[in-house]
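Top to bottom, those sequences are chains A and B.
Be aware that the first sequence starts at 119, since it is given in the working numbering, and climbs by one per residue.
Be aware that the second sequence starts at 17, since it is given in the working numbering, and climbs by one per residue.
Note that CB positions come from ideal geometry on N, CA and C, so glycine has one too.
All values derive from a computational prediction rather than experimental measurement.
Structure record follows, encoded as structure tokens.
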Amino acid sequence: MSWRGPSRSVVLAALVVTATVVVDAQRFTSRAVGVRVDVLVTNGGQLVRGLSAHDFDVRDEGVPQTVSQVELEQILLNLILVFDTSGSVAGDRMRALLEAGKALLDGLRDQDRVALVSFSTRVRLLTPLTSNRQQIRAAFDTLDAHDATSLRDAAFAGLALRESDPGRTLLLIFSDGDDTSSWLTTPKVIETAKRTDAVVYAVVVPNQRVFWTPQRGATIHTIKDAGKFLESLTEETGGRVLFASSNSDLRAAFTKTLAEFHDRYVLSYTPTGVSATGWHRLEVKLKGKSGKVTARRGYSAE
Amino acid sequence: MVGFGDSLRTFLLHGRRGSDVMIARRTFLAVLSTGAVFTTSALSAQLAPTSPYAHVLDLYRAGQEQAARRALAEIPSAEIEWSQRILLKAFDSTVGDESPRAAASMRVAALIHTERAIAAHDRDNSPEFRYQVRMARTYVEKLASRDRSAPFPRTWCLMTMAYLQGRFSLRAAKEFGDWAHDSVGDSPELFLAIGATQEMGWTAQHEEGADSPFKGDLKDAERAYRNALAAQPDFVEARLRLGRVLTLHGDTEGAVRVLAEVGEGSEAAYGYLARMFEGDLFERRGDDAEAERRYLAATALLPRAQTAYVALAHVRHTLGARAAAAATVRATTLDTSVPDAGDPWFWYARGLSWRANGYLAELKEMMRQ
């Protein structure tokens, strides 16, 4: 049995797309290999809209590149939902999660595809990428909370499921706890993320910890900590962590994530003046405008 | 000794690191409650029958554990400590059968205080946890003072360490290990528990990026596992853990030798883990192709266990075989009928917690004697 993919020498990781398979053929008139970068621009916490390719300075290994902007309407969205269904999610949180997940579907276009992965001790693919909303809704209804938390293994599974199509992939991870049972380490999953073009967002419910002191007895503290893993993973891929302060905020956090993903800029370029293989460090800045640019840190060309 | 496979099937895995699962506690309490089948006998020789503490112990022995727990919570700590002093004194008595009767009561008391400690731990009430553990440990220490090799104190230490490991309370587990080493004497299983605590602490810190207060030391873990093997050369779990620890601190040649010895004639679960650790070892050496072969061997041993497929998919992704990696992920994640707890890795990662219920059953049996 051969498990080797046939195109290792051609494919520059999933981040890099060949021009001919991209829907917007007018923008890609040659068979040259292009790089696509998903960019979020904010200013004072607010999204900055209305920018064009000319407003961005993109450097690949420090070398300035000539970029164009891809219209989002022309790109299929692959939304891979990776939901924590460990024991701590049981009850009200699970109900809120189901409601939030289903509400998320309303913000998608008909052609967009969704996959649902749940994880507790095991990782389960409840439905592969599909545009069939009925199938997704039915999968939501099978979610059941129990057992431990294999967060890193589940994140890897979500990244590995990203298919080699020209769509944009958003991996939305929901979790409310620390990893307790994964095999894969943080560096291994981060390395996987570097080899894909998926943008990872995480929605996290902060932990509540009880502290006891002889003087005050029990006091409950809310700790807004997504953990090093989710912070590293989202940062590496150009996404971010959103905190839902309570179960009832989950729906708003999910909706905001999708809206933010729709308001990102997708830039593309054909790399020039850089090596055809290896890790490429990316820098994306604004030219003559103020704002914070969030994009993946680089890509792996193989 | 309970077999690895047996315990996999019987011990519910619900460890937590933070604020989640309460199921383990409920399971623990359920097992604890079902075993206490005693005929009621007042502690007249030691405590007055009307003593609230004696009443608690009698309730517990009568199988009314919930009532016993509630009653214990009502007793002021000064009275509990006073009652304890009486029992400890009776244990030293040379009059009639006072001493063996006191010993029997102390075993009951040790377990109910342990139960209270676990309940406090689950509520993150550290002062209460420490207090109840101290009470239980005082009884156990006294019992061990007469016979260091007595099974009850030893098993109690192992059970408590296993429980703490399952809750990732590693600093407390480490303190227990040190105390057990000094108070109840060494055994292969105690060495294993001490080593696993160190290994878990190191792994959380260095492999999982956790900012744990207990860092763990691989050299201490290695020493403990070697001690376990010196005392019991056929202790497969100690050999497996030794191989893992050698891998983690870079002695790959030593790890290859040790892990190769695990598998032939062992339960499939041990062989599975040995192949997994070999795969990881070869990945660390940069030999992804050999790692892939080892992970494949693991999947062959336990085809429904998921971790080997995850490891296999990851190494394939690293090798550039993205479609194969995705297919491997789909192969193991699409089958949603597989129960969560069927993978030895999930048990290994929690130290000896998978043995906790077995130890508890042994303690209950000792209480009946």
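In DSSP terms, what residue i is bridged to
i, result
"A/Leu-404", "A/Phe-174"
"A/Ser-238", "According to DSSP, A/Ser-238 bridges with nothing at all."
"A/Pro-182", "A/Arg-177"
"B/Ser-185", "Partner(s): none; B/Ser-185 has no beta bridge."
"A/His-398", "A/Tyr-417"
"A/Ile-198", "A/Ala-233, A/Leu-289"
"A/Tyr-383", "A/Val-157"
"B/Thr-219", "Partner(s): none; B/Thr-219 has no beta bridge."
"A/Lys-410", "A/Thr-160"
"A/Phe-361", "A/Val-322"
"A/Gln-187", "A/Leu-385"
"A/Thr-245", "A/Leu-234"
"A/Leu-165", "A/Thr-160"
Contact belief for residue i with residue j at Cβ below 8 Å, rounded distance in angstroms
i, j, result
"B/Phe-192", "B/Ala-244", "Contact flag wrong, Cβ pair sits at about 17 Å."
"A/Ser-236", "A/Leu-247", "15 Å between Cβ atoms; not a contact."
"B/Ala-314", "B/Arg-346", "The Cβ separation is near 18 Å, so there is no contact."
"A/Gly-356", "A/Arg-414", "4 Å"
"B/Gly-232", "B/Gln-221", "6 Å"
"A/Gln-183", "A/Thr-390", "7 Å"
"A/Glu-420", "B/Gly-336", "6 Å"
"B/Pro-204", "B/Phe-251", "5 Å"
"B/Leu-254", "B/Thr-263", "The question names Leu, but residue 254 of chain B is Ala in the sequence shown. Contact doesn't hold; Cβ gap of about 15 Å is too wide."
"A/Asp-297", "B/Glu-224", "6 Å"
"A/Ile-291", "A/Ser-350", "Actually they do not touch by this definition, with Cβ atoms about 13 Å apart."
"A/Pro-324", "A/Phe-361", "6 Å"
"B/Met-216", "B/Leu-186", "6 Å"
"B/Tyr-407", "B/Met-122", "Beyond the ends of chain B as shown, which are 17 and 385, falls residue 407 of chain B; an answer cannot be given."
"A/Gly-152", "A/Thr-388", "5 Å"
"B/Thr-260", "B/Phe-293", "It should be pointed out that residue 260 of chain B corresponds to Arg in this sequence rather than to Thr. That pair is a contact at about 5 Å."
"B/Tyr-286", "B/Leu-256", "6 Å"
"B/Leu-289", "B/Trp-361", "7 Å"
8 Å Cβ cutoff, residue i in contact with chain C
i, result
"A/Ser-363", "No chain C appears in the structure shown, which is made up of the protein chains A and B."
query = Are the stretch 189 to 203 of chain B and the stretch 162 to 172 of chain B in contact at 8 Å, needing three or more beta carbon pairs?
reply = yes
ask   = Do the stretch 277 to 290 of chain A and the stretch 251 to 258 of chain A touch if we need at least three Cβ pairs shorter than 8 Å?
value = no
ask   = Is there contact between the stretch 188 to 205 of chain A and the stretch 284 to 294 of chain A, where contact requires at least three CB pairs shorter than 8 Å?
value = The stretch 188 to 205 of chain A makes contact with the stretch 284 to 294 of chain A, as at least three CB pairs between them are under 8 Å.
task = Select from the stretch 386 to 402 of chain A all residues with a C-beta closer than 8 Å to any C-beta belonging to chain B, and list them in chain order.
result = Residues passing the 8 Å Cβ filter: none.
query = What residues from the stretch 348 to 369 of chain B come within 9 Å of chain A, judged by C-beta to C-beta, listed N to C?
reply = Thr-348, Thr-349, Leu-350, Asp-351, Thr-352, Val-354, Pro-355, Asp-356, Ala-357, Gly-358, Asp-359, Trp-361, Phe-362, Ala-365, Arg-366
key: Sequence ranges, beta strand (DSSP E) only - wholly within the stretch 68 to 156 of chain B, length at least 3   = none
query = On the three-pair Cβ rule with 8 Å, is the stretch 306 to 318 of chain A touching the stretch 387 to 394 of chain A?
reply = no
inquiry  = Taking contact to mean 3 or more Cβ pairs, one atom from each stretch, closer than 8 Å, check whether the stretch 77 to 85 of chain B and the stretch 120 to 131 of chain B are in contact.
reply    = yes
ask   = Using a Cβ cut-off of 8 Å, which residues of the stretch 68 to 99 of chain B contact any Cβ in chain A, in chain order?
value = none
request  = Would you be able to state if there are at least three C-beta pairs under 8 Å between the stretch 136 to 153 of chain B and the stretch 104 to 118 of chain B?
outcome  = no
task = With a floor of 4 residues, list each alpha helix (DSSP H) that falls wholly inside the stretch 273 to 308 of chain B, ordered by position along the chain.
result = 284 to 300
message = With three or more beta-carbon pairs closer than 8 Å as the criterion, would you say the stretch 211 to 221 of chain B touches the stretch 354 to 373 of chain B?
response = Result yes; three or more Cβ-Cβ pairs closer than 8 Å.
ask   = Counting Cβ pairs, one atom from each stretch, are 3 or more of them under 8 Å apart for the stretch 328 to 337 of chain B and the stretch 211 to 230 of chain A?
value = no
task = Answer yes if the stretch 317 to 326 of chain A comes into contact with the stretch 219 to 239 of chain A, meaning at least three C-beta pairs across the two stretches below 8 Å, and no otherwise.
result = no
Selection of the stretch 318 to 340 of chain B by Cβ proximity to chain A, strictly under 8 Å = Gln-322, Thr-323, Val-326, Ala-327, Ala-329, His-330, Arg-332, His-333, Thr-334, Leu-335, Gly-336, Ala-337, Arg-338, Ala-339, Ala-340
Any 3 or more C-beta pairs closer than 8 Å across the stretch 261 to 268 of chain A and the stretch 229 to 244 of chain A = In the pairwise beta carbon analysis, the stretch 261 to 268 of chain A is classified as touching the stretch 229 to 244 of chain A: at least three pairs are separated by under 8 Å.
key: the stretch 290 to 303 of chain B touching the stretch 267 to 278 of chain B, judged by at least three CB pairs closer than 8 Å   = yes
message = Just to confirm the assignment: which complete beta strand (DSSP E) runs, minimum length 3, are found wholly within the stretch 273 to 352 of chain A?
response = 286 to 293, 317 to 322, 325 to 331, 335 to 341
task = Please list the residues of the stretch 232 to 258 of chain A that have a C-beta atom closer than 8 Å to any C-beta atom in chain B, keeping them in chain order.
result = Val-235, Ser-238, Thr-239, Arg-240, Val-241, Arg-242, Leu-243, Leu-244, Pro-246
inquiry  = Measuring CB atoms only, is the stretch 153 to 171 of chain A touching the stretch 376 to 390 of chain A, in the sense that at least three cross pairs come out at less than 8 Å?
reply    = yes
ask   = Residues in the stretch 282 to 297 of chain A with C-beta within 9 Å of chain B's C-beta atoms, listed in sequence order?
value = Those residues of the stretch 282 to 297 of chain A that come within reach of chain B (Cβ to Cβ, closer than 9 Å) are Ser-282, Asp-294, Gly-295, Asp-296, Asp-297.
ask   = For the stretch 309 to 325 of chain A, which residues have a beta carbon sitting closer than 8 Å to at least one beta carbon of chain B?
value = Of all residues in the stretch 309 to 325 of chain A, Glu-309, Thr-310, Arg-313, Asn-325 have a Cβ within less than 8 Å of some Cβ in chain B.
task = Give, in chain order, every residue of the stretch 220 to 231 of chain A whose Cβ lies closer than 9 Å to some Cβ of chain B.
result = none
request  = Output, in sequence order along the chain, the residues in the stretch 191 to 225 of chain B whose CB is closer than 8 Å to any CB in chain A.
outcome  = Glu-223, Glu-224, Gly-225
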